[in-house]
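Using my numbering, read the sequence shown as starting at 163 and increasing by one per residue.
Notes to accompany the following structure.
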Amino acid sequence: MTGSHKALADELRPKIKGIVRADEPMSRHASLGIGGPADLYAEPACEDDVIVLLRESARLGLPWFPMGDGQNLLVSDKGVRGLVIRLGKPMSHIRITDTRMVAGAGAKLTKAVDMAVQHSLGGLEGATGVPGTIGGAVVMNAGTRAGYIGDVIQRVRLVNSDGSSRELTRAELEFSYRTTGFQSGGCIITEAEFELRPGDKRELLAIVERLRRSRATTQPVIGKSAGCMFKNPPDQHAGYLIEEAGLKGMRVGDAEVSDKHGNFLMNVGSATAEQMLALAERVRGIVKERYGLALEYEVRLVGDWPKVE
Ligand code: EPU
Numbered sequence: 163m164t165g166s167h168k169a170l171a172d173e174l175r176p177k178i179k180g181i182v183r184a185d186e187p188m189s190r191h192a193s194l195g196i197g198g199p200a201d202l203y204a205e206p207a208c209e210d211d212v213i214v215l216l217r218e219s220a221r222l223g224l225p226w227f228p229m230g231d232g233q234n235l236l237v238s239d240k241g242v243r244g245l246v247i248r249l250g251k252p253m254s255h256i257r258i259t260d261t262r263m264v265a266g267a268g269a270k271l272t273k274a275v276d277m278a279v280q281h282s283l284g285g286l287e288g289a290t291g292v293p294g295t296i297g298g299a300v301v302m303n304a305g306t307r308a309g310y311i312g313d314v315i316q317r318v319r320l321v322n323s324d325g326s327s328r329e330l331t332r333a334e335l336e337f338s339y340r341t342t343g344f345q346s347g348g349c350i351i352t353e354a355e356f357e358l359r360p361g362d363k364r365e366l367l368a369i370v371e372r373l374r375r376s377r378a379t380t381q382p383v384i385g386k387s388a389g390c391m392f393k394n395p396p397d398q399h400a401g402y403l404i405e406e407a408g409l410k411g412m413r414v415g416d417a418e419v420s421d422k423h424g425n426f427l428m429n430v431g432s433a434t435a436e437q438m439l440a441l442a443e444r445v446r447g448i449v450k451e452r453y454g455l456a457l458e459y460e461v462r463l464v465g466d467w468p469k470v471e
C-alpha cells in the first residue's frame with residue numbers, strides 16, 4: 163500500500179455515504195475486545211458504498227476484509243493490513259412478505275428471528291440467541307442443532323471483488339456444518355432472503371424461550387468471548403472434551419477457558435491476541451495428545467498470524 167493511511171482515508175471518504183477511518187483499533191469492534199488497528203476501516207451505508215469500496219480497493223491494490231458484529235473473530239495484535247469493511251446498522255433492513263424474509267447483511271440475526279416469530283413464521287428459531295449479523299450468520303452457516311441458516315436460505319445478494327453485484331440462488335450455495343462457500347472470501351454479502359413456513363406464534367415463542375433459557379444455563383452470557391472457539395469434531399463436542407481433559411479455568415495472561423462451557427475462551431481482562439492464541443493452541447495440543455483429535459478453529463483468525471496447522 164502506498165501513501166499514509168490517513169491520506170487514503172481522506173481520499174476514500176468523499177466517495178461513499180458511510181464512514182471511513184484510518185488506523186481503527188479492531189478491539190473496539192470484536193466481541194473478544196482484542197485486536198490491533200486496521201489500516202483503513204469503513205462502514206458502508208448501502209450496497210452502492212460496498213461497490214465503490216471494492217472498486218477502489220482493486221484500483222489501489224488494497225486487501226480488504228468484510229465483518230459484521232465481530233462475534234466470531236480473533237484479530238491479531240498487529241491488526242489488519244488493508245481495508246476492513248464493517249456491515250452494520252445502516253444496512254440492517256428486514257422486510258417480510260408472506261413467507262419470505264429479506265434482510266440486510268447488517269441486520270442482527272436475533273432481530274430477524276424475533277420478527278419472523280412475531281409474523282408467526284418458523285424456520286429461523288434454531289438460531290435464536292446466536293449473536294451476530296445476517297451477513298456473518300450466512301458466511302458461518304450459524305445456528306444450532308435446532309436449525310441452521312442454511313436450511314431456510316433462498317437467495318443471497320453479494321458484491322464481487324471487482325465491484326460487480328450478483329445474486330445467488332439456493333442451488334448455487336454450499337452449506338454444511340459451520341461451513342459455506344463464502345468462507346474463502348472474494349465477495350461481500352449485502353442481503354439474504356429466507357423462505358419461512360407459517361407456524362403457530364405461541365409454539366414458536368415457546369421454542370425461542372426454551373432455547374434462550376438453555377443457552378443462558380450452558381454458556382457464559384456475560385464477558386468477552388467469540389462464542390465457541392472450535393468446531394465440534396464429528397460426533398463429538400469440543401466443550402465436553404475440553405472439560406474432560408481438565409482444562410476449564412486454564413489461563414494464559416487474561417485469556418481463560420470458561421468454567422461454564424469449555425469451548426468458550428474468555429478475555430477476562432486485557433488479554434492480547436497472542437495470549438488468546440497461546441491458550442487456544444495449548445488446549446488443542448492437550449486435546450490432540452489425549453484424544454488424538456485435532457480441533458479445528460471455528461473462530462476466524464484475522465490479520466497477521468503465524469500459520470496454524
Ligand atoms: N459439555 C460439557 N462441558 C462443557 C460444555 C459442553 O460436558 O464445558 C457437554 C454438554 O453437557 C453436552 C455437550 O457437551 O452434552 C454439548 O454441549 P452444548 O449443548 O453446549 O453444545 P455444543 O456442541 O458445545 C453447539 C454450538 C454452539 C451452540 C450450541 C447449542 C458448535 C461449535 N457449537 O455447542 O454454538 O450455541 O451447540 O446448540 O457447534 C457458537 O457457534 O459460537 C456456539 C456457541
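Beta carbons are placed, not taken as given, at the ideal position from N, Cα and C, and that holds for glycine.
Taking a 10 Å sphere around the C-beta of G454, we find fewer than 16 other C-beta atoms and assign the residue as exposed. Within the model, the alpha-carbon separation for L286 versus S166 is close to 44 Å. Distance between A388 and V461, taken at the CA atoms: about 7 Å.
In the DSSP secondary-structure assignment, L236 is bridged to L463. C-alpha of V314 to C-alpha of V301: approximately 14 Å in a straight line. Here DSSP, grouped into helix, strand and coil, assigns K251 to helix. It is roughly 33 Å from the alpha-carbon of R317 to the alpha-carbon of G197.
DSSP places Y203 in the uninterrupted beta strand (DSSP E) bounded by P199 to E205. Assigned with DSSP and collapsed to three states, G180 falls in coil, not helix or strand. 7 Å or more divides the Cβ of E205 from the Cβ of T352. Rounded to whole angstroms, the gap between the alpha carbons of I369 and G288 is 8 Å. Under the three-state reduction of DSSP output, I196 falls in the coil class, being neither helix nor strand. Runs of the beta strand (DSSP E) lying entirely within the region 314 to 351 and spanning at least 3 residues, in chain order: 315 to 322 and 327 to 331.
Residue pairing from DSSP places P187 in a beta bridge opposite P199.
Not one heavy atom of the ligand EPU lies closer than 6 Å to the C-beta of T290. Not a single heavy atom of the ligand EPU lies less than 6 Å from the C-beta of Y459.
Your pair G431 and D421 does not check out as a contact, with CB atoms roughly 16 Å apart and the cut at 8 Å.
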